[in-house]
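S.K.:
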Amino acid sequence: MLKRYPLAVSAFLLLAALLVWLPGVEFTSSCFSFFAGESLLSGIRHNHLLWSMPLQLLLVSLIKLHFPFAAAVIFVQLMMACVLVLVFVLALQFGNSLSAAAVVLVFALSKQALGNILIVDPEQLLYVIVILTVALALVLREDGFSYRGMWKVAALIGVGMMVRSPLFMFPVLLLLYDFWRTRRPGGSGIAFGQTFNAAHVIFLVLPFLMLLPRTWMLWKTYGSPVFFEVGRAENAIVTSALGVVSAVDHGRALAGIGHGESIWLWFVGQVACHPLRFLGGMAKRLYFTFSMTPILFVAAGAALLRFRKSEALRMPAVLSIYLIVFYAFFCVEARYLLPVYALLLAMSAALFSGERGPALPSTPTAFRRIGVWTLMVMAGVLFASYVVVSLSLLAYHSRAVQYELAPYAVAAHYPENSWMQHQTSILAVKQGKLEVARKLAGKALLSSSGRPEFLRQYLLVLVLNGTHIDRELGKLRYSDATGILVEADEAPFAWPKLLNNCFFSPADSGRALSAQLLLDRSAETQHLEYSGLGDDRLLNVRHMNDASLSVLLVEIMGEFPAAKKCFAAQCLLGAVHQSGDTADLTPLQKYADEVCAGSHSVSGVKLGQ
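So the mapping is simple: this note's numbering equals the position in the sequence shown, first residue as 1, plus 463.
Here it is as structure tokens:
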């Protein structure tokens, strides 16, 4: 049957893979930076625009805040299906339909075993889709050289850098490889020519030119004309220099690096003083990458050795090697390795192609056409997304200036924009306009179908107005399935958790994340102890966090109206205490007492209930 009906069996295997792969999407309610994507659309400043690349920010914002929950799940499942289809089409170029469908089914069946790698989140899925699309473009260009084909690869790399920056050195590696294979004895290749020319320059520069909209926006808005993420790699840089396999949080605190100091100078100094520790860390990270799925590495390596004269098979190998070395240089997280394993899986399909080597035969015309059409569709979607993001970036500065000059007028002009209403409510609290803040928070809540962040802001504004909300809190429970707060007769929403998550909203000018991390110190300490970094480093982290908490408290108190400072200080004290923090609360209690000595308290709220 396999020989008589290969296409039918392949279709059945592919359908089985999709049925195994798609169910069970866990759509988490909390996302680290989705507000930054919304700020890009709304023209409101947000520090995470520096932290992350814009394409993934915009994608996550659309899914989290603009799609209904059912539509969001369907969209994420569609992205998951695209990953499987791209692996199948890529494997199709190296083998036959049966082997391609079989490896895809194996990939889908491995979802549970690779749970720490196959973390389903939109950013990760988008990154994998871009990597697989680049790999498919590299394979298809082997049919014949053209400047257009090479520049298409460069443009796709540029789109990938708008999602995450690790591909920034890949054009250089690819160009060097093309020159090498053209000049080696008996080699064949499709390099641009025998000498370096303008076409090479375009190929190398085009990905960076595609980042110019973001660079221009950051320069105009923040005075920082940078190409890549600012601060996102700090944890990886610190822990890589220390020889640790996986990155841990709060790298600066871990190493005792002040916020004004250059982390790169510290990194160079550490590597120069302890080169063996750094190289040992790289070796451990390489072993970690291999040990996650050794069978895939063996299968892909065997396919590459068996068909060693197949240039098309080498293309995903070159891309895989680049990513493996990149993540060995910096500290690796298991989820970042998903595109590598997807590429290795597609390569392993060549082992079951029925050919003996040393070169794969030409891909059948039908399979090649499937690859071309798939590339056209995926590239079209990615380039269209890039255009939308670029236009948003170019318009961001003028919109941000307009909002800062007249925030309430702009918010009134966009009543359907729930996030803008939410942010303007936060601004109104800072300015002491509590009644305005209440109305704006109510609008945001009504137009957002109960987003938890918006509900917390609304409840906080009610509290600041002296409203008793214990009864309202008792009617709420948190739904992990939908990420919203819903009414219920049981499971009251605990005060400490509410304060721990929403207290810092009135002071959300880049400090909310720092505050949340400070309140999670006990969990952080356990993480560091698990990493085996020693008591001296743990003590260093505690001291830095204690100092940061003191500074943060003074800053936050300045954001509240004078009549509410006592209540705010008491709330913060209760939230820190209930969060399980191990810090000495005496200085915090003393400060709260001093604040309350000069103002009146708002009664009616009992912390800890």
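Heads up, the beta-carbon is just placed ideally off N, CA and C, and yes, glycines get one too.
Using the Cα positions of residue 726 and residue 735, report the straight-line distance between them to the nearest angstrom.
M.R.: Looking up residue 726 in the sequence shown gives position 263. Looking up residue 735 in the sequence shown gives position 272. So the alpha carbons of these two residues sit roughly 14 Å apart.
S.K.: How many angstroms separate the CA atom of residue 846 from the CA atom of residue 623?
M.R.: By 1-based counting over the sequence shown, the position of residue 846 is 383. By 1-based counting over the sequence shown, the position of residue 623 is 160. Roughly 10 Å between the two C-alpha positions.
S.K.: I need the straight-line Cα distance from residue 869 to residue 537, nearest angstrom please.
M.R.: The residue you call residue 869 lines up with position 406 of the sequence shown. The residue you call residue 537 lines up with position 74 of the sequence shown. Answer to the nearest angstrom: the Cα atoms are 38 Å apart.
S.K.: Return the CA-CA distance between residue 525 and residue 642, expressed in angstroms with no decimal places.
M.R.: Here the question's residue 525 lines up with position 62 in the sequence shown. Here the question's residue 642 lines up with position 179 in the sequence shown. Using only the alpha carbons, I get a separation of about 42 Å.
S.K.: Helix, strand or coil: how does DSSP classify residue 628 here?
M.R.: Translated into the one-based positions of the sequence shown, residue 628 becomes position 165. It is coil, neither helix nor strand.
S.K.: Would you kindly work out how many angstroms separate the C-alpha atoms of residue 806 and residue 514, rounded to a whole number?
M.R.: Counting from one through the sequence shown, the residue named residue 806 turns up at place 343. Counting from one through the sequence shown, the residue named residue 514 turns up at place 51. Between residue 806 and residue 514, the C-alpha separation is close to 28 Å.
S.K.: Look up residue 861 in the DSSP assignment and say whether it is helix, strand or coil.
M.R.: As a working note, residue 861 is residue 398 in the sequence shown. Residue 861: helix per DSSP, three-state reduction.
S.K.: If you drop the 5 nearest sequence neighbours on each side, which residues of the same chain put their C-beta closer than 6 Å to that of residue 729?
M.R.: Along the sequence shown, one-based indexing puts residue 729 at 266. Closer than 6 Å at the Cβ level, and outside the excluded window around residue 729, lie 720.
S.K.: Is the beta carbon of residue 626 less than 8 Å from the beta carbon of residue 593?
M.R.: In the sequence shown, residue 626 corresponds to position 163, counting from 1. In the sequence shown, residue 593 corresponds to position 130, counting from 1. Yes, these two residues count as a Cβ contact at 8 Å.
S.K.: Around the C-beta of residue 504, are 16 or more other C-beta atoms found within 10 angstroms, so that it is buried, or is it exposed?
M.R.: For this step, residue 504 is matched to residue 41 along the sequence shown. Its Cβ being crowded by 16 or more others within 10 Å, residue 504 is buried.
S.K.: Could you check where the alpha helix (DSSP H) with residue 811 kicks off and where it finishes?
M.R.: As a position in the sequence shown, residue 811 is number 348, starting the count at 1. Where residue 811 is concerned, the enclosing alpha helix (DSSP H) stretches over 801-811.
S.K.: Ignore the nearest five residues each way along the sequence and tell me which others in residue 690's own chain have a CB closer than 7 Å to its CB.
M.R.: For the purposes of this step, residue 690 is taken as residue 227 along the sequence shown, with counting starting at 1. Within the same chain, Cβ atoms closer than 7 Å to the Cβ of residue 690 are found at 671, 674 and 678, the five residues on either side in sequence being excluded.
S.K.: Here's the rule I'm using: 16 or more other beta-carbon atoms within 10 Å means buried, otherwise exposed. How should residue 880 be labelled?
M.R.: Here residue 880 corresponds to residue number 417 of the sequence shown, with the count starting at 1. It counts as buried.
S.K.: Would DSSP call residue 689 helix, strand or coil?
M.R.: Locating residue 689 in the sequence shown gives position 226, counting from the first residue. Residue 689 falls in the coil class under three-state DSSP.
S.K.: What distance in whole Å lies between the Cβ atoms of residue 666 and residue 632, which are believed to be in contact at a cut-off of 8 Å?
M.R.: Working through the sequence shown from its first residue, we reach residue 632 at position 169. Working through the sequence shown from its first residue, we reach residue 666 at position 203. Not confirmed; about 13 Å, so no contact.
S.K.: Are the beta-carbon atoms of residue 759 and residue 808 separated by less than 8 Å?
M.R.: The count along the sequence shown starts at 1 and reaches residue 759 at position 296. The count along the sequence shown starts at 1 and reaches residue 808 at position 345. Against a cut-off of 8 Å, the Cβ pair of residue 808 and residue 759 comes out as a contact.
S.K.: What three-state label does DSSP hand residue 611 in the structure shown?
M.R.: Against the sequence shown, residue 611 aligns to sequence position 148. It is helical.
S.K.: What did DSSP end up calling residue 423 once you bin it into helix, strand or coil?
M.R.: Coverage of the chain is limited to positions 464 through 1072, which leaves residue 423 absent and any answer about it impossible.
S.K.: Kindly indicate which three-state DSSP category residue 947 falls into: helix, strand or coil?
M.R.: Along the sequence shown, one-based indexing puts residue 947 at 484. Bear in mind that a pLDDT of 38 at residue 947, under 50, signals an unreliable position, so the number given afterwards is only what the model happens to contain. In this structure, residue 947 counts as strand in the three-state DSSP scheme.
S.K.: Which residues in the same chain have their Cβ closer than 8 Å to the Cβ of residue 999, if we skip the five residues on either side of it in sequence?
M.R.: For the purposes of this step, residue 999 is identified with residue 536 of the sequence shown, where counting begins at 1. Any reading at residue 999 must be qualified, since the residue scores a pLDDT of 49, below 50, and its modelled position is unreliable; the value itself is stated next. Same-chain partners within the cutoff: there are none.
S.K.: Could you have a look at residue 774 and say whether DSSP puts it in helix, strand or coil?
M.R.: Mapped onto the sequence shown, residue 774 falls at position 311. Taken through DSSP and simplified to helix, strand or coil, residue 774 comes out as helix.
S.K.: What's the C-alpha gap between residue 465 and residue 571?
M.R.: Within the sequence shown, residue 465 is the residue found at index 2, counting from 1. Within the sequence shown, residue 571 is the residue found at index 108, counting from 1. Interpretation of residue 465 is limited by its pLDDT of 45, a score under 50 that renders its predicted location unreliable; the figure taken from the coordinates is listed afterwards. Rounded to whole angstroms, residue 465 to residue 571 spans 21 Å at the Cα level.
S.K.: Using the Cα positions of residue 680 and residue 619, report the straight-line distance between them to the nearest angstrom.
M.R.: Here the question's residue 680 lines up with position 217 in the sequence shown. Here the question's residue 619 lines up with position 156 in the sequence shown. The alpha-carbon atoms of residue 680 and residue 619 are separated by roughly 21 Å.
S.K.: For the alpha helix (DSSP H) containing residue 764, name the first residue and the last one.
M.R.: Here residue 764 is taken as the residue at index 301 of the sequence shown, counted from 1. From DSSP, the alpha helix (DSSP H) with residue 764 extends over 757-769.
S.K.: So, under 8 Å CB-CB, residue 542 and residue 588 are touching, yes? Tell me the CB distance rounded to an integer number of Å.
M.R.: For the purposes of this step, residue 542 is taken as the residue at position 79 of the sequence shown. For the purposes of this step, residue 588 is taken as the residue at position 125 of the sequence shown. So it is a contact: roughly 4 Å between Cβ atoms.
S.K.: Does the ligand MN have a heavy atom nearer than 7 Å to the CB of residue 632?
M.R.: Questions concerning the ligand MN fall outside what the structure shown contains, since it holds no ligand whatsoever.
S.K.: Taking the alpha helix (DSSP H) that residue 730 falls in, what are its first and last residues?
M.R.: For the purposes of this step, residue 730 is identified with residue 267 of the sequence shown, where counting begins at 1. Taken as a continuous stretch (DSSP letters only), the alpha helix (DSSP H) holding residue 730 covers 726-736.
S.K.: Looking only at its own chain, which residues have a Cβ that is under 8 Å from the Cβ of residue 903, when we skip the five neighbours before and after it?
M.R.: As a working mapping, residue 903 is identified with position 440 in the sequence shown. Result list for residue 903: 874, 884, 885, 887, 888 and 891, in chain order.
S.K.: Throw me the rounded Cβ distance for the residue 786 and residue 803 pair, which I believe falls under 8 Å.
M.R.: As a working mapping, residue 786 is identified with position 323 in the sequence shown. As a working mapping, residue 803 is identified with position 340 in the sequence shown. That belief holds up - the Cβ atoms of residue 786 and residue 803 are roughly 5 Å apart, short of 8 Å.
S.K.: Could you say which of 871, 754 and 791 lies nearest to residue 708 if we only look at CA atoms?
M.R.: Walking along the sequence shown from the start, residue 708 turns up at place 245. For residue 708, the nearest C-alpha among the options comes from 791.
S.K.: Comparing alpha-carbon positions, which option in 773, 704, 731 and 839 lies nearest residue 745?
M.R.: As a working note, residue 745 is residue 282 in the sequence shown. Ranking 773, 704, 731 and 839 by Cα distance to residue 745 puts 704 first.
S.K.: Helix, strand or coil, according to DSSP, for residue 507 in the structure here?
M.R.: Along the sequence shown, read from residue 1 onward, the residue named residue 507 stands at position 44. It is coil, neither helix nor strand.
S.K.: So, using beta-carbon positions, are residue 499 and residue 528 closer together than 8 Å?
M.R.: Position 36 of the sequence shown, counted from the start, is the residue given in the question as residue 499. Position 65 of the sequence shown, counted from the start, is the residue given in the question as residue 528. Not closer than 8 Å, so no.
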